[in-house]
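Contents: one structure, followed by commentary.
Residue numbers (UniProt numbering): 1 to 70.
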């Protein structure tokens with residue numbers, strides 16, 4: 001992927017997050033994993049998914065891809 005920046009906002013037991021992590025692994029995509037505390041959501045999560053405020057959120061070069069769109 002070269003100089004592309006991929007960040008995954010997730011909560012490890014999430015089955016939806018597991019699907020994203022598996023897809024990234026199969027594709028061999030390197031990413032930064034950020035564990036979310038769902039009782040105290042991060043500013044980044046609220047900024048990247050302001051409507052639903054849910055995980056997972058995949059951030060690709062600063063642009064969020066949320067929920068089932070992943």
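C-beta atoms are modelled at their ideal positions from N, C-alpha and C, and glycine is treated no differently.
Owing to the predicted nature of the structure, the values given are computational and were not obtained by experimental measurement.
Inset, instruction - Tell me whether residue 32 sits in a helix, a strand or coil according to DSSP, three-state version. - result: Assigned with DSSP and collapsed to three states, residue 32 falls in strand.
Legend entry - Of the residues 12, 20 and 25, the one placed nearest residue 38, counting alpha carbons only: Of 12, 20 and 25, the residue nearest in Cα terms is 12.
Inset, instruction - Would you identify the three-state DSSP class for residue 38, choosing helix, strand or coil? - result: Assignment of residue 38 by DSSP, reduced to helix, strand and coil, places it in the coil class.
Inset, instruction - Drop a sphere of 10 angstroms on the beta-carbon of residue 5, count the other beta-carbons inside from all chains shown, and report buried for 16 or more, exposed for fewer. - result: Around the CB of residue 5, fewer than 16 other CB atoms lie within 10 Å, so the residue is classed as exposed.
Inset, instruction - Please go through the same chain and pick out, in chain order, the residues whose beta-carbon is closer than 6 Å to the beta-carbon of residue 31, but skip the five residues on each side of it. - result: Non-local beta-carbon contacts of residue 31 in its own chain, meaning distances under 6 Å to residues more than five positions away in sequence, involve 6, 8 and 24 in chain order.
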